[in-house]
Structures are given as C-alpha cells and as structure tokens.
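J.: Can you read through this structure? Questions will come right after.
Numbering (the UniProt record's numbering), first residue to last: 1 to 717.
So this is what it looks like as structure tokens:
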C-alpha cells in the first residue's frame with residue numbers, strides 16, 4: 001500500500017541550538033521520498049535558520065523509531081547552510097539552477113548537498129507569499145558571499161554554555177611543549193628544534209606560532225623571507241631520516257632576486273644534506289601531482305555519479321557505470337597520491353634519505369602526502385588519538401586553508417578544492433585493505449567528512465591559526481565580553497551519545513603486542529571487496545551468480561583493458577620502487593609496522609559507505625561487511641556479558657577501558673551501508689541485468705507484434 005501522510009494539524013517547531021534564529025518558514029510543503037517515480041512523500045513545514053534548512057513533519061516531534069546512529073546536532077531532515085551545494089527549481093518539468101533574485105518562483109525545489117543527499121520539495125500546495133519567503137531566504141543564506149563573523153560558528157560560541165567534558169586528549173599543537181613532546185616521541189630532537197620565532201606572527205601569518213626546523217637553521221634565516229625557503233619538520237623515522245616540507249619561492253622573479261634566493265636555498269640544503277651521512281631528496285609536488293584545479297574538476301564529475309534524483313536515473317546510468325567512473329579521473333588521482341606517498345616511504349625507510357616536499361604554500365598536497373606517510377609508517381597515527389593529533393599538526397596548525405578550500409563563505413569557486421576529502425579517501429583505502437591495523441572505522445572517516453560542513457566546530461572553519469586567534473575575541477551573550485570558546489570536532493560527545501560513538505571504534509583492532517609475546521606473526525589479511533561491482537573484483541567467483549553471464553563479456557573486454565592501463569601506465573614507478581613495493585607485499589603483515597597500500601588497477605575502490613549511503617539501489621539488505629560485523633559484535637557482547645558476571649562473582653572491577661558495544665537491532669535486515677542507511681525499504685529493481693532490460697525495452701514493439709500472432713487455440717497437451 002502507498003500511504004501519503006496528510007498535512008499535519010499540530011504545530012511542530014524546530015529544535016534550535018543556542019544562538020540559532022528562525023529566519024523564514026513555509027507550511028504545507030510536500031517532501032518526496034526518492035526511491036522510485038511514484039511521488040510518495042509526506043507533508044510538513046520547511047524552515048530556514050541561520051544554521052540550517054530543516055523539514056519538520058509529525059515524526060519530527062516524536063522520538064519513536066530513532067536511528068541507532070543519530071546525530072544530536074544535524075538530524076536526517078536537516079541541511080546545514082554550509083552543506084548546500086546547488087539549488088534547482090522546477091518550472092513546467094524543467095530544472096533550472098537558482099541563484100540571486102528570482103522573477104518567478106518554482107513549483108518544486110531540489111537541494112543537492114555536499115554530503116551527497118538530494119532533497120525534493122513540492123511547493124504547489126504552499127501559499128504564494130510563503131513560497132517567496134522560503135525560496136528567496138534559502139538562496140540568500142546559502143548562495144551569497146558571507147563575512148567570516150556571520151558564520152553560525154560565532155553565534156553558537158557566544159551563546160552556548162561551555163559544558164564540554166574537557167576530556168579531549170588530542171594533542172592540539174598550540175603550545176611549544178606539544179611540539180617538543182612530538183620531537184621526543186619520534187626521536188627527532190637530536191637534529192631538530194622547536195622555535196618561537198613566529199610568536200606574535202612576526203615571521204608569517206600562515207605559519208603556526210611554533211614549529212620545528214633543523215638545528216642549524218638560524219632565526220635570521222627564518223625571518224629573511226617570511227618563512228619561505230625554510231624546511232619545516234613533519235616527522236622523523238626510526239632510522240633518523242626525516243620528512244620535511246617547504247613553502248617555495250614565487251617562480252616569476254627577476255634575475256638578481258632569483259640568484260639571491262638560489263644561494264639562500266643552497267645554504268639551507270647544506271644544513272640538511274651532508275653526504276654520505278645525511279642525504280636529501282627534494283620533491284616538488286606541483287610538478288609530480290595533479291593541480292588543485294584538476295582535483296576539483298575530477299571530484300565535481302565524480303560526485304555527479306551519486307547525486308541521483310530517482311530510481312530511474314540510477315538504472316539509466318548503471319549500464320555506463322564503469323566508463324563514467326573512469327572518465328571522472330578521481331580514482332586515478334587517489335592512486336597517484338598513494339603512489340607518491342609510497343615513493344616517499346621508500347626514501348625514508350630503505351634509502352635512509354631525508355625527504356623535502358615543496359609546494360607553493362606547503363599547505364595543500366604537502367599536508368596530504370606528509371599525513372599519508374605518517375599513517376603508513378607510524379602505528380600511533382593509526383589510533384584515534386594519534387590520527388586526530390596528526391590532523392591537528394599537519395592540517396590545522398599546518399595552515400591548510402579550510403575556509404577557502406571548502407568555500408564556506410561562498411567567496412570564490414576558484415579557491416575551492418576537496419584536498420582534505422582527498423586525504424580521507426586515501427586513508428579509507430588503507431582502512432578497508434587492512435582493517436585490524438586501525439583503531440577507528442570507516443564510519444569514523446565518514447563522520448569526519450560530514451563534520452567539514454557543521455559550523456559549530458572551529459577545526460575546519462579557519463584558514464590558519466592566525467585567523468582563528470584574531471577572531472576569538474568578541475561579545476558573548478553570557479558574559480559582558482571575552483574570547484569565544486570554540487568547540488573542537490574531536491569531542492564526539494557533542495554529536496553522538498555513547499552508543500552511537502561506539503560505531504567509531506574498530507572492535508577488531510589488533511592491539512599492540514606486549515614485549516613478552518614475541519611469537520606474534522600474523523598471516524596475510526584477505527580484505528573484503530566493497531560492492532559486487534566488476535571494477536572491484538580481482539578473482540572471479542567460483543559460483544555462477546545471476547548476473548555472471550551478463551558481466552562475463554564486460555569484465556574481459558572493458559575491465560581487463562583498464563587494469564592493464566592502470567598497471568602499465570606511463571608513469572609507472574621505477575624498478576627500485578617496484579622492487580620495494582613487491583618485496584613488502586610478498587611478506588606477512590605487521591599491523592603495527594610499515595603499511596603499504598595496494599595501488600594496482602582495481603585495488604583502488606569507491607568509498608562505498610560515503611558515496612552510496614543515500615542510494616537505496618546500491619544497498620544490500622542483510623549483506624555486506626556489516627553482516628559479518630554484526631555477528632562478531634553479538635559474540636563480543638556475549639563475551640563482555642560473561643566477563644561482567646565473572647567479575648561480579650569474584651567481586652573484582654573490570655580492568656581497563658571497555659568500549660560499549662553497539663547493539664545491532666534486527667541485524668538480518670541491516671543495510672550493507674549501515675549505520676547511515678539502516679532498515680530502508682528496498683527500491684523496485686529490474687528483474688533482469690540492466691543492459692538486458694534496456695534491450696527488452698527497445699524490442700517492446702516487436703514483442704507486442706509477435707503476441708498478436710500467437711495461436712492460443714491449439715492443444716497444449
């Protein structure tokens with residue numbers, strides 16, 4: 001039965017956060033459910049505040065049937081203003097991009113979000129005045145350029161009570177001691193020193209207050225070119241080799257200036273490179289990796305594959321999935337970035353060579369490569385606390401321009417590029433290839449990607465530490481005056497309750513073995529493939545499935561050629577690198593040692609949970625990796641329950657921290673993309689493989705003609 005909920009009679013008001021103001025609203029708005037073309041949906045109220053766009057129906061007021069993974073800040077029918085990507089209006093069944101002032105208001109509103117959700121709102125039954133107010137209000141507050149102080153971040157910080165638990169143990173790298181502790185942890189304090197030269201930002205506003213440089217570099221050198229041309233320490237390897245980054249000099253300079261800068265650089269290089277004891281490899285990332293514009297173009301094409309309006313659109317593009325995916329170039333960019341990181345790892349690990357990464361500002365691709373190298377080489381950065389501290393060190397303190405790259409203020413599309421999202425995609429490749437090596441889950445990474453657009457945390461809403469420091473003073477609603485108290489994204493209790501937070505922890509994380517257990521040698525981990533897509537398969541199934549005959553020809557002719565193209569590409573690593581790569585992959589894996597991702601051909605996959613979670617057609621109900629995880633969690637819950645009973649009997653407290661284990665209700669019906677897509681209704685799918693379905697549609701008329709000549713009067717016995 002198709003049930004359409006009638007307009008609600010009782011008044012439903014939005015749940016407002018501290019500092020959140022209701023700006024405009026419209027009643028009797030019809031929200032479509034995007035599963036098929038049946039126009040099913042529900043009536044409700046559409047509101048716009050200075051924080052979000054929200055749809056309220058009669059279910060919004062009740063707490064029944066709450067999802068197991070509920071976000072306390074952003075509900076499933078909420079869209080933060082920063083999360084809105086594009087807004088389209090439908091006029092006489094034609095879509096038109098909405099910007100600026102409108103002469104005519106649409107009968108239907110389609111909102112595409114940066115987290116890849118798509119919302120369809122019908123405004124035919126809404127009063128004309130309310131339509132004008134809500135449409136113009138939404139466009140104005142999401143599409144027009146903003147001032148930094150107009151972000152909801154400041155409204156919330158001035159109005160919210162400072163009642164966080166204060167137990168955040170993430171190293172923020174805001175003090176000199178934080179840097180000295182990191183130097184000591186990595187044994188880099190023999191050759192490198194933390195400096196205070198930039199106190200008061202006298203060197204550069206782009207650099208953090210404190211950073212680390214080689215011991216031989218003088219304060220005069222740091223001050224000379226506003227921090228440019230200075231090798232800044234990122235991390236030290238166990239063998240003494242170090243990873244460094246440097247902001248390059250502008251390329252267009254007159255001859256005398258260029259000569260002076262070259263002489264300066266030669267002097268700097270000599271402080272690091274002292275053959276044969278200290279070697280240095282300089283890697284200019286602007287020439288060896290795609291440009292930010294290429295990355296933005298690729299991601300723009302890539303995300304279009306997942307912004308699906310309805311089921312019909314999904315199946316229409318399904319037959320061209322592989323060619324569309326390859327044409328975006330997004331997976332190839334991920335592969336190139338991972339390969340570059342492995343090249344750096346080889347220099348540090350095998351050649352014992354210092355590596356200096358160079359980029360124009362050293363705040364974009366330098367952050368990606370240095371972070372990946374540290375995740376691969378240092379098991380501490382594969383723990384939750386370590387990974388969060390790494391993001392603080394390389395991205396937040398490192399001066400990545402989150403405000404510009406995410407285009408939070410809608411100032412300039414030219415500066416926009418999904419650089420941090422690129423890192424999360426690369427880390428996900430490692431997480432899904434080697435799950436026991438990471439203390440966190442892919443759900444944790446997905447939550448981080450969503451948090452980019454939640455403006456109550458300061459972590460992803462400033463271009464630099466200087467910009468944050470200069471904007472922390474202001475009027476507070478609770479006190480007469482004082483600095484803003486911004487929240488950090490690492491306090492996940494703000495967004496989730498303890499049961500939901502449990503989904504961020506990997507229950508199968510391989511704890512670091514204690515020294516006395518030396519015989520720990522693990523066998524090679526065989527990782528699961530995401531989705532039943534030919535692109536992600538390297539071994540054919542021994543059983544012939546329903547779609548097998550349909551895809552046999554496709555795999556041989558299309559996939560085979562593409563794998564060959566990936567493996568034998570012109571930019572294939574040199575022999576020494578290949579030898580290092582193959583040698584590592586031929587050995588058993590130490591989950592607390594060096595990790596190298598598989599980068600050949602179909603090993604680079606689509607991050608299924610993030611990109612497919614809102615598409616019912618891409619979900620497997622009762623299947624996928626969550627089906628295995630559900631059984632394991634049930635077993636762990638039983639073990640924990642038995643442990644508690646034993647402790648009660650012996651009157652002993654449970655030793656150590658015990659993470660709460662999420663209880664997966666009706667685990668047999670869970671979606672493969674749980675916890676973001678739980679217990680969704682299955683969409684109507686073709687009963688035949690897509691290409692066969694299309695062929696049958698083309699032959700529809702022929703079938704009808706044939707039916708006219710069927711003799712039904714004959715004896716069928």
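Yeah, the Cβ is synthetic: ideal placement off N, Cα and C, and Gly gets one too. Bear in mind the structure is a predicted one, so any value in this text is a computation, not a measurement.
#1: Can a CB atom of chain C be found closer than 8 Å to the CB of residue 207?
#2: Report yes or no: do three or more beta-carbon pairs, one from the stretch 356–366 and one from the stretch 308–318, lie closer than 8 Å?
#3: Are the stretch 403–414 and the stretch 135–146 touching, with three or more C-beta to C-beta distances below 8 Å?
#4: Starting from the Cα of residue 160, find the closest Cα among 89, 483, 575 and 18 and give me that residue.
#5: Taking the alpha carbon of residue 136 as the reference point, which residue from 46, 610, 174 and 196 has its own alpha carbon closest?
#6: Shortest alpha-carbon distance to residue 74 belongs to which of 172, 49, 233 and 300?
#7: Could you tell me the boundaries of the beta strand (DSSP E) in which residue 580 lies?
#8: Is it the case that the stretch 287–305 contacts the stretch 260–274, given that we only count it when at least three CB pairs across the two stretches are under 8 Å?
#9: DSSP three-state label for residue 270, please.
#10: Quick one: Cα of residue 364 to Cα of residue 420, how far?
#11: So what's residue 277 in DSSP terms, helix, strand or just coil?
#12: For residue 425, which residues from the same chain have a beta carbon less than 7 Å from its beta carbon, with the 5 sequence-adjacent residues on both sides left out?
#13: For the stretch 183–235, list the beta strand (DSSP E) runs that are entirely contained and at least 3 residues long, ordered along the chain.
#14: So for residue 462, helix, strand or coil by DSSP?
#15: Short check: CB of residue 341 to CB of residue 247, under 8 Å?
#16: When you compare each of 398, 416 and 267 to residue 406 by their alpha carbons, which one comes out closest?
#17: Using only the alpha-carbon positions, how far apart do residue 322 and residue 230 sit?
#18: Evaluate the contact criterion for the stretch 437–449 versus the stretch 494–514: three or more CB pairs, one atom per stretch, below 8 Å.
#19: Rank 443, 238 and 70 by C-alpha distance to the C-alpha of residue 727 and give the top, closest one.
#20: Any idea if residue 645 is buried or exposed, counting beta-carbon neighbours within 10 angstroms, 16 or more meaning buried?
#21: Can you give the Cα-Cα distance for residue 204 and residue 226, rounded to whole angstroms?
#22: Can you confirm whether the stretch 313–329 touches the stretch 594–604 when touching is taken to mean that 3 or more C-beta pairs between the two stretches lie within less than 8 Å?
#23: Taking one C-beta from the stretch 386–402 and one from the stretch 168–181 each time, how about it: are there three or more such pairs within less than 8 Å?
#24: Excluding sequence positions up to five away, which residues of its chain have a Cβ less than 8 Å from the Cβ of residue 102?
#25: Distance check for residue 80 and residue 43, CA to CA, integer angstroms please.
#26: Enumerate in chain order the residues of its own chain whose CB-to-CB distance from residue 639 is below 7 Å, with the five nearest sequence positions on each side excluded.
#27: Would you list, in sequence order, the uninterrupted beta strand (DSSP E) runs of no fewer than 3 residues that lie entirely inside the stretch 275–363?
#28: Reducing DSSP to helix, strand and coil, say where residue 476 ends up.
#29: Hey, out of 500, 577, 631 and 294, whose CA is closest to residue 718's CA?
#30: So what does DSSP say about residue 13, is it helix, strand or coil?
#31: Report the residue from 31, 51, 33 and 127 whose alpha carbon sits nearest the alpha carbon of residue 21.
#32: My parser needs the beta strand (DSSP E) runs of 3 or more residues fully inside the stretch 105–129; what are they?
#33: Within 8 Å, do at least three Cβ pairs link the stretch 455–470 to the stretch 181–194?
T.: Let's see:
#1: No chain C is present in this structure, which holds just one protein chain.
#2: no
#3: Yes, they touch.
#4: 18
#5: 46
#6: The shortest Cα separation from residue 74 among 172, 49, 233 and 300 belongs to 49.
#7: It is not in any beta strand (DSSP E) - residue 580 instead sits in the alpha helix (DSSP H) that spans 575–585.
#8: Using a Cβ-Cβ distance cut-off of 8 Å, the stretch 260–274 and the stretch 287–305 are not in contact, since fewer than three pairs of beta carbons, one from each stretch, lie closer than that value.
#9: helix
#10: 8 Å
#11: coil
#12: Non-local C-beta neighbours of residue 425 in its own chain, meaning closer than 7 Å and more than five positions away in sequence, comprise 334 and 607, ordered along the chain.
#13: 192–195 and 211–214
#14: coil
#15: no
#16: 416
#17: 45 Å
#18: yes
#19: With the chain represented from 1 up to 717, any question about residue 727 goes unanswered, as that position is not in the structure.
#20: exposed
#21: 5 Å
#22: Cβ pair count under 8 Å is below three, so no.
#23: yes
#24: Closer than 8 Å at Cβ, skipping near neighbours: 89, 135, 136 and 139.
#25: 21 Å
#26: none
#27: 280–284 and 354–359
#28: Its pLDDT being 43, under 50, residue 476 is placed unreliably by the model, and nothing is read from it.
#29: Since the first residue shown for the chain is 1 and the last is 717, residue 718 is missing from the structure and cannot be characterised.
#30: Residue 13 falls in the coil class under three-state DSSP.
#31: Among 31, 51, 33 and 127, the Cα nearest to that of residue 21 is on 51.
#32: 108–113 and 118–122
#33: no
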